[in-house]
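Let me begin by presenting the structure, written as structure tokens, before commenting on it.
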Amino acid sequence: IPNRLSQNSLLDEIDAEGFSGLYDFFYLPMDVRNKTNVGYAFINFLDPVNMTRFSEHFEGYRFKKQNSQKVATVNPAHVQGLSRNVQQLTKKAVLHFNKGEYKPVVFRDGLRVDFEDL
5 IPNRLSQNSL
15 LDEIDAEGFS
25 GLYDFFYLPM
35 DVRNKTNVGY
45 AFINFLDPVN
55 MTRFSEHFEG
65 YRFKKQNSQK
75 VATVNPAHVQ
85 GLSRNVQQLT
95 KKAVLHFNKG
105 EYKPVVFRDG
115 LRVDFEDL
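The numbering used here puts the first residue of the sequence shown at 5, with every later residue one more than the last.
Quick look at the structure:
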């Protein structure tokens, strides 16, 4: 993922490629000192079929919202499922950032839910 791509821009691009409403968790880790992402993200799909489709679509993908030489690779995460992803991040410092763009995003019925309200 191009490092200057923001969480909202990446979500917009993923959704524009046909994946809107198909996932319930998204996290783009950030380097808060440099105000850039660290080059990878986590996304939890509601249905494994859509994860497979996402992997096929984004493997080798060049992001449109950033002029970058980076090419996407897609790999399954060690932690799977909404509850396990939430549990994994509950005690991490990332939840204490005031800037919402640095926090993980959870969706319920396609709408953003505040992580603290889970």
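Virtual Cβ for every residue (Gly too), placed ideally from N, Cα, C. This one's a predicted model, so the numbers in the text were calculated from it and none came from an experiment.
Check	Outcome
Rounded to whole angstroms, what is the Cα-Cα separation between E21 and P108?	21 Å
Between which two residues does the beta strand (DSSP E) carrying I47 extend?	46 to 49
So, under 8 Å CB-CB, P52 and Y44 are touching, yes? Tell me the CB distance rounded to an integer number of Å.	About 20 Å separates the two Cβ atoms, so there is no contact after all.
Quick one, are the C-beta atoms of T1 and R8 less than 7 Å apart?	Here the chain covers residues 5 to 122 and nothing more, so residue 1 does not appear.
Within the same chain, show all residues whose beta-carbon is closer than 6 Å to that of A81, passing over the 5 residues directly before and after it, in chain order.	F46
Run the CB neighbour count on Q11, radius 10 Å, all protein chains shown included, and call it buried at 16 or more, exposed below.	buried
In chain order, what are the residue ranges of uninterrupted beta strand (DSSP E) at least 3 long that sit wholly in the segment 15 to 92?	27 to 31, 46 to 49
Tell me L115's beta-bridge partners as DSSP assigns them.	R112
Alpha carbon to alpha carbon, what distance is there between S59 and V75?	13 Å
On the three-state DSSP scale, how would you describe N7?	coil
Less than 7 Å between the C-beta atoms of V78 and E63, yes or no?	yes
Given a cut-off of 7 Å, decide if P6 and S129 are closer than it, judged by their beta-carbon atoms.	Residue 129 is absent from the model: the chain starts at 5 and stops at 122.
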